[in-house]
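Here is the structure we will look at, set down as structure tokens.
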Amino acid sequence: MREPEDDMPAAELDARARADAALRRIRDGADPTREAFDLANTLNDESVRRFARRLRDLFRRA
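Under our numbering, the first residue of the sequence shown carries the number -5, and numbering increases by one thereafter.
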């Protein structure tokens, strides 16, 4: 059974929804290593983006 989250772009999903979608894909036969790698990269990219944005904001105020 497909879930609506499976068809949404990753950027529109929160971390929990992305993890749930990855687990569903693994349960449906997807490669667990690839799903874990993609999920970790996505979450890491978001963390780096948030950190960089905060640094830019900090330097703009200074």
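Every residue gets a Cβ at the ideal spot worked out from N, C-alpha and C, and that includes glycine.
| Check | Outcome |
| --- | --- |
| Coarse secondary structure for Ala15, derived from DSSP in three states | helix |
| Rounded straight-line distance, which links the Cα of Arg54 to that of Arg18 | 42 Å |
| Three-state class that DSSP yields for Ala56 in the structure shown | coil |
| Burial state of Arg10 (16 or more Cβ within 10 Å) | exposed |
| Assumed close pair Ala16, Glu29 - CB separation to whole angstroms, cut-off 8 Å | 4 Å |
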